[in-house]
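Remember, our numbering sits 57 above the position in the sequence shown when you count from 1.
In this text, a Cβ means the ideal position worked out from N, Cα and C, and glycines have one as well.
Note that the structure is predicted; figures quoted are calculated from it, not measured.
What follows is a single structure, written as structure tokens, with notes after it.
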Amino acid sequence: MQLIGMLDSPYVRRVAIALQLLGLRFEHNPLSVFRTFDQFSAINPVVKAPTLVCDDGTVLMDSTLILEYAQALAGPRRRLLPDAVPELQHALRLEGLALAACEKSVQIVYEQQLRPTEKQHAPWIDRVTAQTLAAYGALEQEVARRAPSTAQNAIDRAGVAAAVAWHFTQALLPGLVDPQRHPALAALSARAEALPEFQAAPHGDGTCRAPA
58 MQLIGMLDSP
68 YVRRVAIALQ
78 LLGLRFEHNP
88 LSVFRTFDQF
98 SAINPVVKAP
108 TLVCDDGTVL
118 MDSTLILEYA
128 QALAGPRRRL
138 LPDAVPELQH
148 ALRLEGLALA
158 ACEKSVQIVY
168 EQQLRPTEKQ
178 HAPWIDRVTA
188 QTLAAYGALE
198 QEVARRAPST
208 AQNAIDRAGV
218 AAAVAWHFTQ
228 ALLPGLVDPQ
238 RHPALAALSA
248 RAEALPEFQA
258 APHGDGTCRA
268 PA
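Take a look at the structure:
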């Protein structure tokens, strides 16, 4: 399999970490949807990161759908979502909030870094910022009440998504979400970032490497 996309994307990074946790072998090709658009387009004309090229050449996209496929490949030996309904409900609640925080953070980054200053729409930025803060506020409450495991053999999709989202927002939008007001999330992220699978797929423009 080949994972296409940059690790500065929280969506690409969550897939790279999850594939490792599932014990699946893959090659990482860090193509940019901006700088290497033509190369990316030759693999997936939609140019959506992450893209997964399966062993038979089938091209998949969307991080959550890719993780569903990866789980099917891995089988029951390592599950990234719980089976019991109450635990699954909680995990999906956390994952949904984390992905919402990702989405809104990415929108702010695009607005501030890609759109010319004179064309930026302040009411839109204010609205998306409020949504980002709401997502992280709710996520902090959930993690403080019932934190997902960050043990290497027990961290699940929800834990990965929450940790990756937090790290992305802190790295790209410093000062937007105050760590002192989100101590449970900050602690969760610190513990997760110490795992070898996270360290092997660091946020940035590098290539995912084999975990130590």
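query, result
"Return the bridge partner residues of M118 from the DSSP annotation.", "T108"
"Measuring only the C-alpha atoms, how far is G114 from R266?", "22 Å"
"Measuring alpha carbon to alpha carbon, tell me which of L230, R202 and F91 ends up nearest P240.", "R202"
"Tell me whether the beta-carbon of E250 lies closer than 8 Å to the beta-carbon of I74.", "no"
"How many whole angstroms separate the CB atoms of L64 and H260, which I take to be in contact at a CB cut-off of 8 Å?", "6 Å"
"Could you name the residues that DSSP lists as bridge partners for L60?", "H85 and L109"
"What three-state label does DSSP hand L245 in the structure shown?", "helix"
"Does D65 come out as helix, strand or coil in the three-state DSSP assignment?", "coil"
"In terms of residue numbering, what span does the alpha helix (DSSP H) encompassing H147 cover?", "V142 to Q170"
"Going by the beta-carbon positions, is the gap between C159 and P231 smaller than 8 Å?", "no"
"E199 lies in the alpha helix (DSSP H); which residues open and close that run?", "A179 to R202"
"If you draw a straight line from the C-alpha of G80 to the C-alpha of G62, how long is it?", "20 Å"
"In chain order, what residues of the same chain have a beta carbon less than 7 Å from the beta carbon of G194, not counting five sequence neighbours either side?", "none"
"Quick one: grab the DSSP three-state call for P205.", "coil"
"Between which residues of its own chain and L252 is the CB-CB distance below 6 Å, once the five residues before and five after are set aside?", "Q209"
"By a C-beta neighbour count over all protein chains shown, 10 Å radius and 16 as the cutoff for buried, is V142 buried or exposed?", "exposed"
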